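Peer 1: Sharing a structure here in structure tokens format.
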Amino acid sequence: MKKILIVEDNPAILEVIEEMLDLHGYDIHTAQNGSDGLQLAKSLLPHLIISDVTMPKMDGYSMLEALRADATTALIPFIFLTANAQKQDVLQGAISGADRYLTKPFTAQSLLKSVQEVLVL
Amino acid sequence: MFKLATLAQDPVFRIMFQHATIGIMLADSNGFIVKTNDFANRLFGYEEGELEGQKIEVLVPDTLKMQHIRYREKYSKKPKEREMGAGLDLLAKRKDGSTFPVAISLGHTKMGEEQLVIAYINNVTKQKEYEERIKQEKETAQTYLDIAGSMVVVLNKAGQVQLLNQRGEEILGIKEEHVIGKNWFEAFLPKKERTGAKAVFNSLMSEQGRDVEYFENLIVDSQGNEKLIWFHNRVLLDKNGVATGTISSGVDITEQRQAEKLLKESQLKLEDYAAALESKVKERTMELEESQSQLVQALSKERELGELKSRFVSMASHEFRTPLSMVLSAAELIEMYHANERYDKLDRNVERIKSAVRNLTNILNDFLSLEKLEAGKIEVNQIPIELSTFLEELHEDIKPLLKKNQQLLLPSPSIITIQTDTYLLKNILINLISNAIKYSPDGEDVTLSINNDNGQTIFAVADQGIGIPETDKEHMFSRFFRAANAENIQGTGLGLIIVQRYVNLLGGHIDFTSEEGVGSTFYVRLPTS
């Protein structure tokens, strides 16, 4: 069973993502800010991380950078899922080193497809 | 020829004759020289006795000989005394043929039967030269006068014209000969000038007035034209130092004065023009500066609008996407659970959709409220309201918004009723209280207190939340503004502006105190009596 870590500060959004992926047979773990997410990622070593960008304490970009800087977490596939959908946001996401940059609102299909793709990598 | 025999024997006579410093010569009636003295011999360059017996014409230049002979014969017939220098320019010839001017006086006497003529002869070369020089100097002086650029007038003691030079003739338009002897002041000065000019003349004459060397007055020429003359006066004195008249040189400064006047006028005009130009330039500069500042204002307004627009787009993009995402995800979950026949999960997701839609509605309401406010469409309807009932209703509205273990602490007000607009007041307080809840952590209570101050009611909403950073405080009432520490918390950045507008509509005032990490208190002061 593949372990997926979801990092999202909006609890309602976090719940629906969790339910969706749970329904498709993934082992879901959650955190509500970048700092907690980073700690959990290091101890859990998930197969995939799905993260928001704008969050308290530590934002998604800082967390990604910290993960990539640590050999144990550097290769974990990483998907951004965010409401920051303006052109400059998407461009920033594209060069951030994340494997996918998905914007809200998202369809379950697009999320699941991205998850499957990056897990194969 | 007559021979002089015995005359020379007398020694006194000899001395007188031979040592005279004038040439003396005796001739007979036929013109033969009888006797010459030493002076005459030296004068004509002959040895003693050499001239005796020669015709007197040997001493006359050849060209004048015939004339002299005729003159001599006429004289012999009717001799008379003739004094020296009586209007005759005579020329004599020396032995060497050179000539020189002489003055001659003649006398005659009879000696026996013989008529003798005695001539006394003076060499007048020096006098002639002197006369010539005087004449030349006079002519030179006249030339000076005539070519002088100024008019020269000489007046005698009585003020009568003694001299007028060529330039003077030109200026007066009259010949000198018609002017000589006329009274200068009567003839050539306009009446109005006479008294002053005469006074100057008299003071010059009286020795005290030597300081009025320069004087300017009008004269009238023969055509009746007035001319302004600038005179330089000098008193003429006789050998005893008594004033005999004046000499004045005058320059016609009529045109110069006119030119000066014109120059002065044009200078003044120029100065006026320059001043006018300067003030025009100043005016224009001010206009320019004004329009520039208007332009700058318009530009900054434009820029502000542009910034506002980009802030709105950014806010709308983010704030709408979250609830929309929730709606879509919940709907998809409903499909999934439906397919899996997990009907127990449906209600939960329907509730999520409703909540997200409420959230969207709130955002829309914020926009609409602001739009309405800005269009002036909100009416204020102030009525007396019972405070306890109002607070109960408010509490009911707030309850669903509270976080875990969080309470809204309400006062039991001392005031019973207040006069205000219920709708606006409720909106103000719900907005402030929901902000306090939003920016506070779980378990931290929010307090509403109400106080009366001089007929005004003060509502205070206090929290122990994240507070407002010092640098962001001044922007709290700007549209779409979010404090640096609130970026991750949902919000449109419109709530406080709407509150402020509502407060203004009620004639009140909003203020706040806050410390980052400690909490904020918002004060609304309303006139409610």
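Those sequence lines, one after another, are chains A and B.
Quick note: the first sequence uses this note's numbering, first residue -2, plus one each step.
Quick note: the second sequence uses this note's numbering, first residue 10, plus one each step.
Where is the CB? At the ideal position from N, CA and C, for every residue including glycine.
Everything numeric in this text was worked out from a predicted model, so none of it was measured.
#1: Mind pulling the chain A residues with CB within less than 8 Å of T331 of chain B?
#2: Of the residues that make up the segment 496 to 520 of chain B, which ones have a beta carbon closer than 9 Å to any beta carbon in chain A?
#3: On the criterion of 16 or more Cβ atoms from any shown chain inside 10 Å, does P20 of chain B qualify as buried, or is it exposed?
#4: In whole angstroms, what separates the C-alpha of Q416 of chain B from that of E401 of chain B?
#5: By a C-beta neighbour count over all protein chains shown, 10 Å radius and 16 as the cutoff for buried, is H327 of chain B buried or exposed?
#6: Would you call the segment 433 to 444 of chain B in contact with the segment 457 to 471 of chain B, where contact means no fewer than 3 C-beta pairs closer than 8 Å?
#7: Can you give, in chain order, each stretch of the beta strand (DSSP E) that sits fully within the segment 126 to 205 of chain B and has at least 3 residues?
#8: Is the CB-CB distance between V336 of chain B and A365 of chain B below 8 Å?
#9: Taking any Cβ of chain A, which residues in the segment 321 to 345 of chain B have a Cβ under 7 Å from it, in chain order?
#10: At least one CB of chain B closer than 8 Å to the CB of M55 of chain A: is that the case?
#11: So Q321 of chain B packs on F489 of chain B, CB below 8 Å; how close in whole Å?
#12: Here's the rule I'm using: 16 or more other beta-carbon atoms within 10 Å means buried, otherwise exposed. How should P74 of chain A be labelled?
#13: Roughly how many whole angstroms lie between the Cα atoms of L246 of chain B and R176 of chain B?
#14: Residues of the segment 366 to 397 of chain B with a CB closer than 9 Å to any CB of chain A: list them in chain order, please.
#15: Along chain B, which residues have their Cβ under 9 Å away from the Cβ of M(-2) of chain A?
#16: Tell me the residue span of the beta strand (DSSP E) that contains F22 of chain B.
#17: Is there a C-beta anywhere in chain B that falls below 8 Å from the one on Q29 of chain A?
#18: Which residues in chain A have a C-beta closer than 9 Å to the C-beta of R361 of chain B? List them in chain order.
#19: Hey, how far is the Cα of D281 of chain B from the Cα of E287 of chain B?
#20: Can you list the residues of chain B that Q83 of chain A reaches, using a CB-CB cut of under 9 Å?
#21: Whose C-alpha, out of A:A63, A:A105, A:A28, is nearest the C-alpha of M52 of chain A?
#22: Is it buried or exposed, D375 of chain B, if we count other Cβ atoms within 10 angstroms and call 16 or more buried?
#23: Return the CA-CA distance between Q124 of chain B and G32 of chain B, expressed in angstroms with no decimal places.
#24: Residues in its own chain within less than 8 Å of R65 of chain A by CB, not counting five upstream and five downstream?
#25: Taking all protein chains shown into account, decide if P332 of chain B is buried (16 or more other Cβ within 10 angstroms of its Cβ) or exposed.
#26: Drop a sphere of 10 angstroms on the beta-carbon of I427 of chain B, count the other beta-carbons inside from all chains shown, and report buried for 16 or more, exposed for fewer.
#27: Please tell me whether T122 of chain A has its Cβ less than 8 Å away from any Cβ of chain B.
#28: Can you tell me whether T501 of chain B is buried or exposed, with buried defined as 16 or more other CB within 10 angstroms of its CB?
#29: Among the candidates B:L277, B:R81, B:P536, B:E344, whose CA atom is the shortest distance from the CA of G516 of chain B?
#30: Counting along the chain, where does the alpha helix (DSSP H) carrying E62 of chain A start and finish?
#31: Which of helix, strand or coil does DSSP assign to L503 of chain B?
#32: Can you grab the Cα-Cα spacing for the pair Y153 of chain B / E59 of chain B, in whole Å?
#33: Which whole-angstrom value describes the C-beta separation of H26 of chain A and K54 of chain A, a residue pair presumed to lie in contact below a C-beta threshold of 8 Å?
#34: Check each candidate in B:S378, B:W193, B:K184, B:M485 and name the one with the smallest Cα separation from N436 of chain B.
#35: Could you tell me which residues DSSP puts in a beta bridge with I392 of chain B?
#36: Any C-beta of chain B sitting closer than 8 Å to the C-beta of T69 of chain A?
Peer 2: So, to answer that:
#1: Residues of chain A with a Cβ closer than 8 Å to the Cβ of T331 of chain B are, in chain order, N7, I10, A80, K101.
#2: E496, N497, I498, Q499
#3: exposed
#4: 14 Å
#5: buried
#6: yes
#7: 160 to 165, 170 to 173
#8: Against a cut-off of 8 Å, the Cβ pair of A365 of chain B and V336 of chain B comes out as a contact.
#9: S323, S326, H327, R330, T331, L333, S334, M335, L337, S338, A339, E341, L342, M345
#10: No, its Cβ sits nowhere closer than 8 Å to a Cβ of chain B.
#11: It should be noted that the sequence gives Phe, not Gln, for residue 321 of chain B. The pair is a contact, with the Cβ atoms about 6 Å apart (cut-off 8 Å).
#12: So P74 of chain A counts as buried.
#13: 24 Å
#14: none
#15: Those do not exist, as M(-2) of chain A stays about 18 Å from chain B at its closest Cβ, beyond 9 Å.
#16: Note, F22 of chain B: premise wrong, no beta strand (DSSP E); alpha helix (DSSP H) at 20 to 27.
#17: no
#18: A9, E12, V13
#19: It is roughly 10 Å from the alpha-carbon of D281 of chain B to the alpha-carbon of E287 of chain B.
#20: V322, S323, S326, H327
#21: A:A28
#22: Classification for D375 of chain B: buried.
#23: 20 Å
#24: A71, G94
#25: buried
#26: buried
#27: Residue coverage of chain A in this structure runs from -2 to 118, which leaves residue 122 of chain A outside it and unanswerable.
#28: buried
#29: B:P536
#30: 57 to 66
#31: coil
#32: If you take the alpha carbons of Y153 of chain B and E59 of chain B, they lie about 52 Å apart.
#33: Incorrect: roughly 18 Å between the Cβ atoms, too far for contact.
#34: Considering only alpha carbons, the answer is B:S378.
#35: B:T429
#36: no
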